Amino acid sequence: MKLLKKQISQKDGGGMVFLQPETPEDLWHAYNLVQDGDEVRCTTVRKVVKESSTGSTTSQKRRVMLTIQVTKVDFDPDVLQLRISGTVTSENDVVRLGAHHTLTVELNSNFSITKEVWDQIYLDRIDEATHPEQQAEIAAVVLQLGLAHVCLVTGALTVTKARIETNIPKKRTGYNSQHSKAITKFYEAVYQAILRHVDFQKVRVVLLASPGFVNQDMFQYLQQESVKREDRALIENKSKFVLGKASSGHKHALEEVFSDPGIMSRMNDTKVAKESAVLHKFMRTMEVDPDRAYYGYDHVQRANQELAIDSLLVTDELFRSSNVQTRRLYVNLVESVRENGGTVYLFSSLHVSGQQLQQVSGVAAMLRFPMPDLDELEEQAEQFQQNEDDPDETTDSDGEEYDPERRIREDLQDMGF
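Going by the working numbering, the sequence shown opens with residue 137, and the numbers climb by one from there.
Below, the structure is given as structure tokens:
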């Protein structure tokens with residue numbers, strides 16, 4: 137993402153940024169930057185209808201510069217378009233003020249975003265998007281006989297670049313040649329898709345995952361054919377290929393690949409691997425040491441108040457809430473954890489790991505020390521608040537005034553002291 141201009145007030149945090157998306161991931165970042173109520177300005181095409189003195193009408197499409205106040209944002213990762221709908225807020229000789237319009241932001245199209253407040257999450261997102269190294273990190277090919285998906289996995293999203301489907305006839309006596317020819321045709325289609333969609337200068341790892349030995353046969357085909365055809369892109373980068381196990385050739389099988397510690401160890405310097413590793417660690421902590429792993433805003437916020445959070449896991453889905461107060465809660469939580477020395481991991485909801493985290497409320501934390509009484513502390517806090525609201529209820533079950541020292545003595549006697 138190119139940051140063409142940035143004007144943000146140090147006083148109140150309001151202002152404008154002027155951006156140019158250059159990669160599919162940049163469009164995803166833009167989707168997370170634009171919220172309801174923002175003003176977005178860019179060039180668009182508008183159908184203009186003119187009526188003559190005789191009553192006849194003519195229409196033509198004109199390219200105009202429009203500013204709209206956002207009411208809806210949609211992102212389509214398949215066609216790589218960001219669609220922003222809203223009402224026109226700038227004077228224009230073609231479009232009347234207040235008219236509805238949908239802007240389409242595509243790759244290499246300039247646009248500006250104006251906000252009343254650019255909070256730290258937005259600024260971090262811009263910083264991440266404008267780093268040139270945040271490009272496609274992993275290419276993944278999940279396949280089974282007759283079906284394959286070629287995907288590019290970046291730090292924020294997984295894009296399907298090709299789907300290959302070929303009918304493979306079953307082996308039958310006297311017809312084995314048809315079976316072999318169909319498999320060769322399928323491998324060739326995958327071979328060509330890899331050459332077409334994988335930029336080995338940007339990709340660090342190429343995953344080949346499948347059930348059985350299909351990935352090994354595919355890799356052997358790649359090696360043999362690349363030598364025959366002198367495809368240097370494959371010959372020089374064969375060390376980037378990593379073979380893994382998957383239950384099928386469907387895209388969702390990537391979840392199994394990214395949960396394999398052996399595979400993740402080969403990709404430990406990628407953002408996807410780091411997120412998968414920390415999510416796996418959280419799930420493991422939930423099993424073996426549940427007092428140090430909590431999820432849900434209330435529990436996590438309570439742990440943060442006790443300065444207990446070591447790692448905070450949160451999905452970007454929570455920051456796209458149309459409710460400003462809800463978004464502010466999570467922004468404050470992230471900022472507080474960072475101020476207290478904790479590490480924050482922001483998961484993409486378009487990644488498998490982000491979708492898994494979203495299933496457990498979208499926010500979770502691993503603690504520096506166990507807090508077995510977290511639920512009990514909350515109950516005590518609620519009880520204390522009730523007592524503050526109604527002082528008459530500070531009596532025991534016998535109607536006598538509550539004496540905390542007497543209660544302590546009774547508890548010590550019960551324990552044998």
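Just so it is clear, CB atoms sit at the ideal spot from N, CA and C, and this is done for glycine as well.
If you're wondering where the values come from, they're calculated on a predicted model, not measured in any experiment.
Simplified DSSP assignment, three categories, for F386
Residue identity check: residue 386 is His in the sequence provided, not Phe. Correct three-state label for H386: coil.
Delimiting residues of the beta strand (DSSP E) encompassing H285
283 to 289
Using a 10 Å radius around the Cβ and a threshold of 16 neighbouring Cβ atoms, would you call R420 buried or exposed?
With fewer than 16 neighbouring CB atoms inside 10 Å of its own CB, R420 falls in the exposed class.
Per DSSP, D212 is paired with what?
Q217, per the DSSP bridge assignment.
Using the beta-carbon count (16 or more within 10 Å), is R177 buried or exposed?
With 16 or more Cβ atoms within 10 Å of its Cβ, R177 is classed as buried.
What does the alpha-carbon distance come out to for the pair Q171 and V436?
25 Å
Reduced DSSP category for Q196 - H, G, I as helix; E, B as strand; rest coil:
strand
Comparing alpha-carbon positions, which option in V241, T203, I204 lies nearest L218?
Selection V241, T203, I204 evaluated against L218 yields V241 as nearest (Cα-Cα).
Should F349 be labelled buried (16 or more other beta-carbon atoms within 10 Å of its own) or exposed?
exposed
In whole angstroms, give me the CA-to-CA distance for Q494 and L344.
Across the structure, Q494 and L344 are spaced so that their CA atoms are roughly 27 Å apart.
Just the C-alpha distance for Y357 and Y323, rounded to the nearest angstrom, thanks.
7 Å
One question on the structure: do T479 and K387 come within less than 8 Å of each other, judged by their Cβ atoms?
no
Among residues of its own chain, excluding the 5 on either side of K374, which ones have a beta-carbon nearer than 8 Å to its beta-carbon?
L358, Q359, S362
Would you tell me roughly how many angstroms separate the C-alpha atoms of R365 and G498, rounded to the nearest one?
Between R365 and G498, the C-alpha separation is close to 48 Å.
Rounded to the nearest angstrom, how far is the Cβ of E158 from that of L243, given a contact under 8 Å?
7 Å
Identity of the residue in Q205, R232, R464, Y466 nearest L239 by Cα
Looking from the CA of L239, the closest CA among Q205, R232, R464, Y466 belongs to Q205.
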